[in-house]
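Novice: Here it is, the structure, as structure tokens.
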Amino acid sequence: MNNKTIWSLLILIINNIISEPTINFFIKEYPKLESNYTEKSAIPGYMGYKSLKNYIPTYNEGIACLYAGAINFSDSNGLVRLMRSDIKNNYYLIVTDDLKPKFSVPWVIDKWECKKENSAWYTITEVTDELTKTKLWKVEKSKYEDIIPKFSIIIFVPKDKIYVPEGFSIAETGQQILLPTIYHKLKNYEVLDSLKILHIKQFFSPVKKLFDKSNLLIEQIKS
């Protein structure tokens with residue numbers, strides 16, 4: 005865990021006390037394993053090449069994520085932060101770059117759809133271990149549905165470029181939810197199709213909270 009990741013986690017802990025509820029998760033580069041590393045280490049200059057390669061930054065920034073009518077992008081550390089709109093800790097996670105709105109009347113979106121062959125579906129559910137009473141995240145594959153469920157988290161990337169680990173992990177809940185880490189298989193030189201996100205970006209906007217101020221409430225504040 006590098007210093008940037010540690011600082012990102014510290015910011016999440018501080019924001020857990022003072023800020024609005026959010027959903028957070030990291031999108032990191034998919035780890036690569038070399039089976040013949042021992043043999044390659046005997047090649048002159050190979051160890052120096054590996055040391056230099058560690059200083060080359062990975063590109064975790066700019067991956068678009070959609071949730072509850074808002075769009076946000078991963079930062080340089082791979083952190084995605086979404087304004088939380090549902091109190092239940094059960095989420096659909098959908099990976100697709102083929103997302104289309106369906107309108108009930110002009111400019112009123114009735115539902116979102118994506119093709120089965122171009123999407124991967126998962127569920128992230130909060131469960132409690134019966135023995136230790138520890139809260140856990142359970143990640144598993146889910147069946148395709150014709151209509152994307154409300155409050156789904158959508159990662160706007162081709163499904164073969166994202167790896168979602170299945171199984172159980174410790175759940176960090178509260179005001180600032182931290183979901184399990186997800187991994188991407190994008191190359192440093194690979195550029196995503198930005199035009200696809202521009203086709204739907206107009207339908208998303210930052211979350212705005214509205215407050216109803218009545219005369220009774222104002223009188224209570226003054227008293």
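The numbering of the sequence shown is the working numbering, which starts it at 5 and goes up by one. Note that beta-carbon positions come from the ideal geometry of N, C-alpha and C, so glycine has one too.
1) Considering only residues of the stretch 109-154, which uninterrupted beta strand (DSSP E) runs meet the minimum length of 3 residues and lie entirely inside it, listed in chain order?
2) Just mark V168 as buried or exposed, buried being the case when its beta carbon has 16 or more other beta carbons within 10 Å.
3) Under the assumption that Y184 contacts F77 (Cβ atoms under 8 Å), give the Cβ distance between them as a whole number of angstroms.
4) Could you compute how far the alpha carbon of D114 sits from the alpha carbon of F107?
5) Ends of the beta strand (DSSP E) at N76?
6) My output table needs one value for Y59: the three-state DSSP class, helix, strand or coil.
7) May I ask you to report which of helix, strand or coil DSSP gives Y41?
8) Let me know the secondary structure DSSP gives P184 once reduced to three states.
9) What does the alpha-carbon distance come out to for the pair K191 and T26?
10) Would you identify the three-state DSSP class for Y193, choosing helix, strand or coil?
11) Look at the Cβ atom of S146, then the Cβ atom of Y96, and state whether they are nearer than 8 Å.
12) Does P162 pass the burial test, meaning 16 or more other C-beta atoms within 10 Å, or should it be called exposed?
13) List the whole-angstrom C-beta distance separating K139 from T132, where the pair is believed to meet the contact cut-off of C-beta under 8 Å.
Specialist: In short:
1) Runs of the beta strand (DSSP E) inside the stretch 109-154: 112-117, 123-132 and 139-145.
2) Locating residue 168 in the sequence shown gives position 164, where the first residue counts as 1. Under this definition V168 is a buried residue.
3) Walking along the sequence shown from the start, residue 184 turns up at place 180. Walking along the sequence shown from the start, residue 77 turns up at place 73. Going by the sequence as given, residue 184 is Pro instead of Tyr. Not confirmed; about 19 Å, so no contact.
4) Taking the first residue of the sequence shown as position 1, residue 114 is located at position 110. Taking the first residue of the sequence shown as position 1, residue 107 is located at position 103. If I take the Cα positions, the gap works out to 5 Å.
5) For the purposes of this step, residue 76 is identified with residue 72 of the sequence shown, where counting begins at 1. Note, N76: beta strand (DSSP E), A74 to F77.
6) Looking up residue 59 in the sequence shown gives position 55. Unreliable placement is indicated for Y59, whose pLDDT of 48 sits below 50; the coordinate value is still reported in the next sentence. Note: Y59 maps to coil in three-state DSSP.
7) Locating residue 41 in the sequence shown gives position 37, where the first residue counts as 1. Confidence at Y41 is low in this model, with a pLDDT of 49, below 50, so its placement is unreliable and the value that follows should be read with caution. In this structure, Y41 counts as helix in the three-state DSSP scheme.
8) Locating residue 184 in the sequence shown gives position 180, counting from the first residue. Three-state DSSP puts P184 in coil, outside helix and strand.
9) Translated into positions along the sequence shown, residue 191 becomes position 187. Translated into positions along the sequence shown, residue 26 becomes position 22. Answer to the nearest angstrom: the Cα atoms are 29 Å apart.
10) As a first step, residue 193 must be located in the sequence shown, where it is residue number 189. Bear in mind that the predicted position of Y193 carries a pLDDT of just 49, short of 50, making it too unreliable to give a figure here.
11) Indexing the sequence shown from 1 puts residue 146 at position 142. Indexing the sequence shown from 1 puts residue 96 at position 92. Taking 8 Å as the Cβ cut-off, S146 and Y96 qualify as a contacting pair.
12) The count along the sequence shown starts at 1 and reaches residue 162 at position 158. So P162 counts as buried.
13) Taking the sequence shown and counting its residues from 1, one reaches residue 139 at position 135. Taking the sequence shown and counting its residues from 1, one reaches residue 132 at position 128. Contact holds; Cβ gap of about 6 Å.
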